[in-house]
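Colleague: Before we start, here is the structure in question, set down as structure tokens.
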Ligand SMILES: NC(=O)c1ccc[n+]([C@@H]2O[C@H](COP(=O)([O-])OP(=O)(O)OC[C@H]3O[C@@H](n4cnc5c(N)ncnc54)[C@H](OP(=O)(O)O)[C@@H]3O)[C@@H](O)[C@H]2O)c1
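Residue numbers (our numbering): 149 to 426.
Here it is as structure tokens:
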């Protein structure tokens with residue numbers, strides 16, 4: 149039976165770049181909301197020798213995610229799930245951000261867990277913003293609600309985000325909190341899913357040159373400052389993250405689980421050290 153790799157948000161950015169580094173023997177299933185984007189990605193990947201299937205899905209809808217899992221399982225053994233679908237602060241309101249980034253991650257992990265077995269890996273894409281979450285707002289008892297009290301979870305997470313001043317700050321806080329949840333949830337799942345031999349890990353990119361990353365840099369001074377704090381003084385390239393994510397997902401990385409991998413070009417440590425001019 150063939151191995152299958154599912155990539156949410158596979159139509160663009162880091163999802164698409166990760167697909168390029170997946171072994172060509174593996175069947176790729178790309179998903180996202182916009183079919184034209186998925187078709188374009190399929191063309192690129194098939195020209196490079198990949199086998200690609202497409203299915204439209206909104207990850208915030210559990211039944212959509214279920215359909216993706218059913219399709220993927222019908223094609224072979226689901227070995228890899230790269231969950232890259234997400235919305236940034238300039239793209240949506242706080243509730244949509246919580247729904248897609250946080251509830252979406254819960255939907256993806258829970259649905260695919262049912263169809264995956266020993267040797268499987270789920271890589272949830274979080275964000276370096278997860279580390280900006282104010283300690284006072286990080287309440288794991290709210291995070292615990294995601295699986296069993298979804299409505300309360302959305303209400304509480306959105307309520308926390310809405311305390312953050314103007315509209316941009318509210319969406320920004322929703323993003324930060326949603327990604328803090330992703331890091332926490334991936335760790336929780338890693339410890340639970342290990343009983344089936346499934347590895348779960350999250351990856352937190354810094355600012356990366358994708359449609360989303362470029363849009364944030366255009367519209368936010370905080371994003372521009374983050375670039376200055378990196379070692380190389382630049383954004384990450386989508387290809388660099390694609391390579392890193394595919395490597396993290398590789399089964400030879402079997403001990404990498406239950407933890408977040410921060411790939412931010414040194415932006416977070418840049419606060420501690422003065423830049424030495426060359
Ligand atoms: N770029 C950065 O600087 C940066 C930094 C840290 C973290 N991240 C995270 O990295 C991940 C990938 O983002 P990217 O930078 O590669 O940006 P991107 O190119 O905009 O990719 C995001 C993808 O998610 C899909 N998507 C959005 N909402 C969805 C939904 N409800 N259901 C299914 N798919 C959905 C989008 O396709 P449709 O619109 O067609 O659905 C798109 O293909 C995201 O989770 C993002 O939060 C990005």
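Backbone N, C-alpha and C fix where the C-beta goes; we use that ideal spot for every residue, glycine too.
Three Cβ pairs or more, each shorter than 8 Å: is that satisfied between the region 413 to 423 and the region 377 to 385?
Modeller: Counting Cβ pairs under 8 Å, three or more are found: they touch.
Colleague: Check for me: the beta strand (DSSP E) holding residue 227 runs from which residue to which?
Modeller: Along the chain shown, one-based indexing puts residue 227 at 79. Taken as a continuous stretch (DSSP letters only), the beta strand (DSSP E) holding residue 227 covers 225 to 231.
Colleague: Starting from residue 204 and walking both ways along the alpha helix (DSSP H), at which residues does that stretch end?
Modeller: The count along the chain shown starts at 1 and reaches residue 204 at position 56. Counting along the chain, residue 204 falls outside any alpha helix (DSSP H), though it belongs to the beta strand (DSSP E) covering 199 to 204.
Colleague: Give me whichever residues DSSP pairs with residue 282 in a beta bridge.
Modeller: Position 134 of the chain shown, counted from the start, is the residue given in the question as residue 282. Beta-bridge pairing links residue 282 to no other residue.
Colleague: From residue 229 to residue 359, what does the alpha carbon distance come to, in whole angstroms?
Modeller: Residue 229 sits at position 81 when you count from the first residue of the chain shown. Residue 359 sits at position 211 when you count from the first residue of the chain shown. One C-alpha to the other measures close to 22 Å.
Colleague: Which first and last residues belong to the beta strand (DSSP E) in which residue 353 is found?
Modeller: As a position in the chain shown, residue 353 is number 205, starting the count at 1. Unbroken beta strand (DSSP E) run through residue 353: 347 to 353.
Colleague: With a threshold of 6 Å (Cβ to nearest heavy atom), would residue 197 be considered close to ligand 1?
Modeller: Taking the first residue of the chain shown as 1, we reach residue 197 at position 49. No, the beta carbon of residue 197 sits no closer than 6 Å to any heavy atom of ligand 1.
Colleague: Should residue 155 be counted as a contact of ligand 1 given a C-beta to heavy atom distance under 6 Å?
Modeller: The count along the chain shown starts at 1 and reaches residue 155 at position 7. Incorrect: residue 155 has no Cβ contact closer than 6 Å to ligand 1.
Colleague: Could you name the residues of the same chain whose beta carbon sits closer than 7 Å to that of residue 279, not counting the 5 residues immediately before and after it, in chain order?
Modeller: Sequence index remark: in the chain shown, residue 279 carries index 131 (1-based). Counting only Cβ-Cβ distances below 7 Å, and skipping sequence neighbours, we find 416.
Colleague: How big is the Cα-Cα spacing for residue 302 and residue 293?
Modeller: Here the question's residue 302 lines up with position 154 in the chain shown. Here the question's residue 293 lines up with position 145 in the chain shown. Approximately 9 Å, taken between the alpha carbons.
Colleague: Can you check whether the CB of residue 334 is closer than 7 Å to the CB of residue 322?
Modeller: What you label residue 322 is simply residue 174 of the chain shown in a count that begins at 1. What you label residue 334 is simply residue 186 of the chain shown in a count that begins at 1. No, the pair does not count as a contact, with Cβ atoms beyond the cut-off.
Colleague: By how many angstroms is the C-alpha of residue 420 removed from the C-alpha of residue 187?
Modeller: The residue given as residue 187 occupies position 39 in the chain shown. The residue given as residue 420 occupies position 272 in the chain shown. Computed Cα separation, rounded: 44 Å.
Colleague: Helix or strand or just coil, what does DSSP make of residue 186?
Modeller: Position 38 of the chain shown, counted from the start, is the residue given in the question as residue 186. Three-state result, residue 186: helix.
Colleague: If you count every other CB in all the chains shown that lies within 10 Å of the CB of residue 392, and 16 or more means buried, which is it?
Modeller: Against the chain shown, residue 392 aligns to sequence position 244. Residue 392 comes out buried.
Colleague: Assuming residue 180 is part of the beta strand (DSSP E), what are its boundary residues?
Modeller: Locating residue 180 in the chain shown gives position 32, counting from the first residue. 175 to 180 is the extent of the beta strand (DSSP E) around residue 180.
Colleague: Report, in whole angstroms, the separation of the C-beta atoms of residue 394 and residue 170, which I expect to be a contact under 8 Å.
Modeller: Translated into the one-based positions of the chain shown, residue 394 becomes position 246. Translated into the one-based positions of the chain shown, residue 170 becomes position 22. That belief holds up - the Cβ atoms of residue 394 and residue 170 are roughly 6 Å apart, short of 8 Å.
Colleague: Please classify residue 314: does DSSP put it in a helix, a strand, or coil?
Modeller: For the purposes of this step, residue 314 is taken as residue 166 along the chain shown, with counting starting at 1. Three-state DSSP puts residue 314 in coil, outside helix and strand.
Colleague: Please report the straight-line C-alpha distance between residue 226 and residue 152, rounded to a whole angstrom.
Modeller: As a working note, residue 226 is residue 78 in the chain shown. As a working note, residue 152 is residue 4 in the chain shown. Approximately 5 Å between the Cα atoms of the pair.
Colleague: So, do the region 311 to 328 and the region 270 to 288 have three or more beta carbon pairs nearer to each other than 8 Å?
Modeller: Output reads yes: the region 270 to 288 touches the region 311 to 328.
Colleague: With a threshold of 16 other CB atoms inside 10 Å of the CB of residue 236, please say whether the residue is buried or exposed.
Modeller: Here the question's residue 236 lines up with position 88 in the chain shown. Result: buried.
Colleague: What residue does the beta strand (DSSP E) around residue 270 start on, and which one ends it?
Modeller: In the chain shown, the residue the question calls residue 270 occupies position 122. That run of the beta strand (DSSP E) goes 269 to 273.
Colleague: With respect to 6 Å, is the separation between the Cβ of residue 207 and the closest non-hydrogen atom of ligand 1 below this value?
Modeller: As a first step, residue 207 is located in the chain shown; it is residue number 59 there, counting from the start. Yes.
Colleague: Does residue 344 pass the burial test, meaning 16 or more other C-beta atoms within 10 Å, or should it be called exposed?
Modeller: Position 196 of the chain shown, counted from the first residue, corresponds to residue 344. With fewer than 16 other Cβ atoms within 10 Å, it is exposed.
Colleague: Would you mind sorting residue 402 into buried or exposed? The rule is 16 or more other CB atoms within 10 Å of its CB.
Modeller: Translated into the one-based positions of the chain shown, residue 402 becomes position 254. With fewer than 16 Cβ atoms within 10 Å of its Cβ, residue 402 is classed as exposed.
Colleague: So, helix, strand or coil for residue 152, using DSSP?
Modeller: The residue labelled residue 152 in the question sits at position 4 within the chain shown. Strand, per DSSP.
Colleague: Only counting the same chain, and skipping five residues up and downstream in sequence, which positions put a Cβ closer than 8 Å to that of residue 240?
Modeller: Taking the first residue of the chain shown as 1, we reach residue 240 at position 92. 248 and 319.
Colleague: For ligand 1, is there any heavy atom lying closer than 6 Å to the beta carbon of residue 181?
Modeller: Here residue 181 refers to the residue found at position 33 when the chain shown is read from its first residue. Yes, ligand 1 has a heavy atom inside 6 Å of this Cβ.
Colleague: When the cut-off is 7 Å and only beta carbons count, does residue 325 lie next to chain D?
Modeller: No chain D is part of this structure, which consists of one protein chain only.
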